[in-house]
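Report on the structure given below.
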Amino acid sequence: MSDPTGAGAPHVLDHPALAALTGPHAHFAERHGRVLRYPVDVTPWVALPDTPGPRDWADLAALAGPGAEVPLLGFGGRVPDGWEVTFRMEGVQLAGEDVAAAPDPEAVRLGPADVPEMLDLVARTRPGPFLPRTIELGIYLGIRRGGALIAMAGERLHPPGWTEISAVCTDPAHRGEGLATRLILAVAHGVQERGERPFLHASAENTGAVRLYETLGFRLRRRTAFLAARVPERLPEDERAAVPVP
Numbered sequence: 001m002s003d004p005t006g007a008g009a010p011h012v013l014d015h016p017a018l019a020a021l022t023g024p025h026a027h028f029a030e031r032h033g034r035v036l037r038y039p040v041d042v043t044p045w046v047a048l049p050d051t052p053g054p055r056d057w058a059d060l061a062a063l064a065g066p067g068a069e070v071p072l073l074g075f076g077g078r079v080p081d082g083w084e085v086t087f088r089m090e091g092v093q094l095a096g097e098d099v100a101a102a103p104d105p106e107a108v109r110l111g112p113a114d115v116p117e118m119l120d121l122v123a124r125t126r127p128g129p130f131l132p133r134t135i136e137l138g139i140y141l142g143i144r145r146g147g148a149l150i151a152m153a154g155e156r157l158h159p160p161g162w163t164e165i166s167a168v169c170t171d172p173a174h175r176g177e178g179l180a181t182r183l184i185l186a187v188a189h190g191v192q193e194r195g196e197r198p199f200l201h202a203s204a205e206n207t208g209a210v211r212l213y214e215t216l217g218f219r220l221r222r223r224t225a226f227l228a229a230r231v232p233e234r235l236p237e238d239e240r241a242a243v244p245v246p
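Residue numbers (UniProt numbering): 1 to 246.
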């Protein structure tokens, strides 16, 4: 495992979107040159090469389209001239090799018919991107009370040997009941049952959530960044020249 600064030997979690889209999630991959992404209604993540050059940025622009906003998970470099950084937040990546996971008797598996309720819960709680087809990325579990979905968590990025836990959210009226903890452990249990290890991302400023994850056995693996940039409406001449003519 790398140290918390991200130094040391390369690790599959250093570029989790790239590892997922060239591994277990390859069937989702949309490619332009060396740039890959998920379908835009599945999850917004894109994957750049380790050291993207002008052609790679031109390929990303061609893939996303003029004016599109693209998230660049873990990208620590400088975006090209003309690209507008629209969002940046410091984050952490936590690995769950020592999580004492357990199933939860109240957790139910969610399916396509539950997506409207899941989208509503996400809109009210804002845990991060969850789109109409995100549920296709893995197993999602929820807890219902009186028939209403009040909490959920599930699987997102899937690098070889690892599964990211994501979309952890609880209806505000039911916070403080330990539902998020139970669902994280239940999702992690399913991951471990497949012989894999759970991991997750969080905002570095969300110290309460990070402390909770650490009490469950997750350990800080590296610091990262959540970055988004807008594709220029018009590429410079040299970048447009790098984009193949269809």
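Where a beta carbon is used, it is the ideal one built from N, C-alpha and C, also for glycine.
Note that the coordinates shown come from a computational prediction; the quantities given were computed from them, not determined experimentally.
Would you identify the three-state DSSP class for residue i, choosing helix, strand or coil?
{"i": "Phe-75", "result": "coil"}
{"i": "Pro-49", "result": "coil"}
{"i": "Phe-130", "result": "coil"}
{"i": "Glu-193", "result": "helix"}
{"i": "Trp-162", "result": "strand"}
{"i": "Ile-135", "result": "helix"}
{"i": "Thr-5", "result": "Residue confidence is low: Thr-5 scores 42 on pLDDT, short of 50, so the model does not pin down where it sits. Its coordinate-derived value is still stated next. Coil at Thr-5, not helix or strand."}
{"i": "Gly-142", "result": "strand"}
Please determine, among the options, the residue with the shortest C-alpha to C-alpha distance to residue i.
{"i": "Ala-113", "options": "Thr-125, Ile-135 and Pro-105", "result": "Ile-135"}
{"i": "Leu-21", "options": "Ala-29, Arg-78 and His-15", "result": "Ala-29"}
{"i": "Ala-64", "options": "Val-35, Gly-190, Val-79 and Arg-78", "result": "Val-35"}
{"i": "Arg-144", "options": "Ala-107, Ile-165, Thr-163 and Trp-162", "result": "Ala-107"}
{"i": "His-11", "options": "Gly-91, Ala-68, Ala-95 and Val-79", "result": "Ala-95"}
{"i": "Val-99", "options": "Val-79, Gly-111 and Ile-184", "result": "Ile-184"}
{"i": "Glu-155", "options": "Ala-209, Leu-110, Gly-146 and Asp-104", "result": "Leu-110"}
{"i": "Gly-147", "options": "Glu-117, Pro-129 and Ala-123", "result": "Glu-117"}
Please classify residue i: is it buried, with 16 or more other beta-carbons within 10 angstroms of its beta-carbon, or exposed?
{"i": "Gly-53", "result": "exposed"}
{"i": "residue 249", "result": "The requested residue 249 does not occur in the structure, where the chain is confined to residues 1 to 246."}
{"i": "Asp-171", "result": "buried"}
{"i": "Glu-233", "result": "exposed"}
{"i": "Ala-102", "result": "exposed"}
{"i": "Val-245", "result": "Residue placement at Val-245 is poorly supported in this model, since its pLDDT is 36, which falls under 50; the coordinates still yield a value, given next. So Val-245 counts as exposed."}
{"i": "Thr-163", "result": "buried"}
{"i": "Ala-190", "result": "According to the sequence shown, residue 190 is Gly rather than Ala. By the 10 Å Cβ count, Gly-190 comes out buried."}
{"i": "Arg-91", "result": "Inspection of the sequence shows that residue 91 is occupied by Gly rather than by Arg. Its Cβ being crowded by 16 or more others within 10 Å, Gly-91 is buried."}
{"i": "Arg-37", "result": "buried"}
{"i": "Gly-67", "result": "exposed"}
Which residues in the same chain as residue i place their Cβ atom closer than 6 Å to its Cβ, once the five residues preceding and following it in sequence are excluded?
{"i": "Leu-73", "result": "Ala-17 and Trp-45"}
{"i": "Leu-60", "result": "Val-35"}
{"i": "Pro-80", "result": "Trp-57"}
By Cβ distance below 8 Å, which residues in the same chain neighbour residue i in space, the five residues on each side in sequence not counted?
{"i": "Pro-4", "result": "With a pLDDT of only 44 at Pro-4, under the threshold of 50, the placement of this residue in the model should not be trusted, and no figure is reported."}
{"i": "Val-42", "result": "Phe-28, Leu-131, Arg-133, Thr-134, Glu-136 and Leu-137"}
{"i": "Thr-125", "result": "Cys-169, Thr-170, Asp-171 and Pro-172"}
{"i": "Arg-197", "result": "Ala-95, Gly-96, Glu-97, Gly-161, Trp-162, Thr-163 and Val-191"}
So is residue i in contact with chain D if we call contact Cβ pairs under 8 Å?
{"i": "Arg-182", "result": "Of the protein chains in the structure, only one exists, and it is not chain D."}
Quick one: what's got a C-beta closer than 7 Å to residue i's C-beta in the same chain, skipping five residues either side?
{"i": "Gly-33", "result": "Arg-55, Asp-56 and Asp-59"}
{"i": "Leu-121", "result": "Leu-149, Met-152, Cys-169 and Asp-171"}
{"i": "Val-115", "result": "Pro-132 and Ile-135"}
{"i": "Pro-24", "result": "His-158 and Pro-160"}
Does the Cβ of residue i lie closer than 7 Å to at least one heavy atom of the ligand HEM?
{"i": "Glu-177", "result": "Absence of the ligand HEM from the depicted structure is noted, as is the absence of any ligand whatsoever, leaving it without description."}
| query | Quick one: any contact between the region 209-229 and the region 87-101, if contact means 3 or more CB pairs under 8 Å? | reply | Short answer: they touch.
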